[in-house]
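Please read the structure below before turning to the comments.
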Amino acid sequence: MRPDTFQLEWMQAAYWKSHGLKLHLFSFIFILYAVMAELSLSHIADKIIGSRILVGISGGERRRVSIAAQLLQDPKVMLLDEPTTGLDCLTANQIVSLLSELAHRHRIVIITIHQPRSELFRLFDKIAIMSFGEMVFCGNPMEMITFFSDCGYSCPEQSNPFDFYVDLTSVDTQSKERELETYSRVQVIVSAYKNSEIFGKVLAAIERTKGMKELPPIPFKNKDSPSAFYKLWILLRRTTRNFSRDKMGIIMRLLQNLLFGLFVVFFLLRLRNDLVKGAVQDRVGLVYQCVSAPPYTGMLNAVALFPPLRAISDQESKDGLYKKWQMLIAYIVHFLPFSVISVAIFSTFIYWTAGLYPDASRFGIFFAVVLASHVIGELLTLVILGVVQNPNIVQSGVVLLSSAGVIVGTGLVRTIEEMPTPFKILSYLTFQKYSSEVLIVNEFYGLNFTCGGANSSTAINAACIFSHGIEFIEKNFPDALSRFTIDFLILYAFLPGLAIIAILSFKIRERIIGRQ
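Taking the numbering used here, I'd label the letters of the sequence shown as residues 1129 to 1644.
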């Protein structure tokens, strides 16, 4: 089945792909509704197709939507694998009748069918029966009846010809004796068919076609197509429309970071400047959470939303509608506004409610760092989704990578200066190193601490080892103050870097699937 909604944009792109014409939207809509009317879909034009969870149109209507989507490419050859499976008798009859009508409009329609009704027997122009990889019979319905009757297997009057002849040419493997008996019967029928006049006609038709100097072209697809930018626009509109129908999903995407912020603020209440009351520890803990949690929520979004889009792009890219990486870029452009709004809500709430450094410019830096971390988490997940099929494995892998990055890169669990040399080198490859250093400098620079009271001396209490925030920075994050701007730029360099790697991973995916 095509995407889980009836999408005008997808059909428009499909039509333009096959025709290579920059039609006006009005002209296309006229063609679209003509196809919908032909397949009796006009009454469901604005309905959601649905899924296993969301109730939508009926099974027969879904099949007709799939056929309609392919008809917009104007194919001369259509292959359908059991289009009536799972449908009731009336709906199955309607589908086969529709395909029969299409076959008589200058198209070749080839279908495999499972347990068709006897009323459908005469709708087929040719019927082929295969058994154990061999052609048992191929001809029109009347020739089938005549052939099997000449072989001594006349179909009883009250029997379905389809069922009777398929049972007759099937091999029963329930026992060795029955297998040998039925296989021998099939071989007799195969031999009779190869010596029949019907088979001779088929061979003669093949030879005539092979002898033609110029074979008639089959205009299944045209090399011309819309521009890459227009394809991206179509994919972006379709993705946004599909996700916008899930109202609860949109609310959760916007508020998931805020829900985490509520828990953190409820736990910390209000940051203080008194060292005895945890002025440093609470701030370090808050920075730790702001570095580690946003990438995780970004990962959850990608794992939940992108795999269905990936499955659709795998199929549609085979049809030549667009490249897999174009669906990736459309999704990235789609989620960026949601990420900005979600992180803005979270940052505004937690920054001013928890009582971080009261300065508007520092709030802006805090928001920018948290936003980058959130987006990096989603991009990192997309990179792995390009080469790993199972979303559960991807989720586990991203969690492990993020956890390792927090431990090695932040210096909040163990200072980087005390780490072994290999871990120091690895820390430069983690985005958490740069985000944590920027947030630490952003919060601690310019802070003045007290020790048990505004006028108390820091020498009275062993906890009072710092009187100014810059002392904490110099001891635990040496040179972080001088690297502040560079750290910020490197952090944001991860965004285009991961986006490029994600595109490359989907190009690799395209080649791998193309070879299968």
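Don't be surprised by glycine CBs; every beta carbon is placed ideally from N, CA and C.
Paired residues, beta bridge with G1642 - DSSP: In DSSP, G1642 forms no bridge with anything.
F1577 in three-state terms, based on DSSP: coil
CA-to-CA distance, L1464 to I1362, given in whole angstroms: 17 Å
Assumed close pair L1510, A1458 - CB separation to whole angstroms, cut-off 8 Å: Not a contact, Cβ separation roughly 12 Å.
Residues that DSSP places opposite V1205 in a beta bridge: I1236
Stretch pair the segment 1561 to 1580 + the segment 1496 to 1514: three plus CB contacts closer than 8 Å: yes
Beta strand (DSSP E) runs wholly inside the segment 1299 to 1338, at least 3 long, in chain order: none
Beta-carbon proximity list for W1453, same chain, < 7 Å, skipping 5 on both sides: I1631, F1634 and K1635
Cβ pair E1210, V1415 closer than 8 Å: no
CB contact flag (M1206, V1237, <8 Å): yes
Residues near T1558 by beta carbon distance below 7 Å, same chain, minus five either side: G1533, V1536 and G1537
Rounded straight-line distance, which links the Cα of L1226 to that of P1289: 21 Å
Where G1267 falls: helix, strand or coil (DSSP): strand
Environment of F1348 [buried if 16+ CB atoms lie within 10 Å]: Caution applies to F1348, whose pLDDT of 44 falls short of 50 and renders its modelled position unreliable; the value that the coordinates give is listed next. Burial call: exposed.
DSSP-derived helix/strand/coil call for I1257: strand
Exposure label - N1397; buried when at least 16 CB within 10 Å: This sequence places Leu at residue 1397; Asn is not what is there. By the 10 Å Cβ count, L1397 comes out exposed.
Cut-off 8 Å between Cβ atoms - residues of its own chain near P1606, not counting five sequence neighbours on either side: E1545
Start and end residues, alpha helix (DSSP H) containing A1439: A1407 to K1446
Chain-order list of residues whose beta-carbon lies under 7 Å from that of L1626 (same chain, five-residue window excluded): I1504, L1507, L1508 and V1511
G1285, DSSP secondary structure in three states: The sequence shown places Glu at residue 1285, not Gly. Coil at E1285, not helix or strand.
Identified DSSP bridge partners for D1096: Any property of residue 1096 remains undetermined from this structure, which presents the chain solely from 1129 to 1644.
Contact the segment 1378 to 1389 vs the segment 1420 to 1428: 3+ CB pairs below 8 Å: yes
I1440 Cβ short of 7 Å to the ligand SAH heavy atom set: The ligand content of the structure shown is nil, which means the ligand SAH is not present either.
Residues near S1170 in its chain [Cβ-Cβ closer than 6 Å; skip 5 each side]: M1164
Beta carbon of F1612 nearer than 8 Å to that of V1408: no
Distance CB(T1213)-CB(V1224) smaller than 8 Å: no
H1596 - DSSP class collapsed to helix/strand/coil: strand
DSSP three-state assignment for E1210, whether helix, strand or coil: coil
Residues that E1262 bridges to, as DSSP identifies them: S1259
Span separating the alpha-carbon of M1380 from that of Q1417: 20 Å
Span of the alpha helix (DSSP H) around P1244: Segment: none, P1244 is in no alpha helix (DSSP H) and carries neither H nor E.
Cβ pair F1249, A1256 closer than 8 Å: no
Endpoints, the alpha helix (DSSP H) within which E1571 is located: F1559 to F1572
Delimiting residues of the alpha helix (DSSP H) encompassing Q1454: K1452 to A1482
Alpha-carbon to alpha-carbon, I1239 and L1208: 5 Å
Top-ranked residue by Cα proximity to V1307, from S1259, F1327 and M1340: Looking at the sequence shown, residue 1307 is not Val but Glu. E1307 has its Cα closest to that of S1259, out of S1259, F1327 and M1340.
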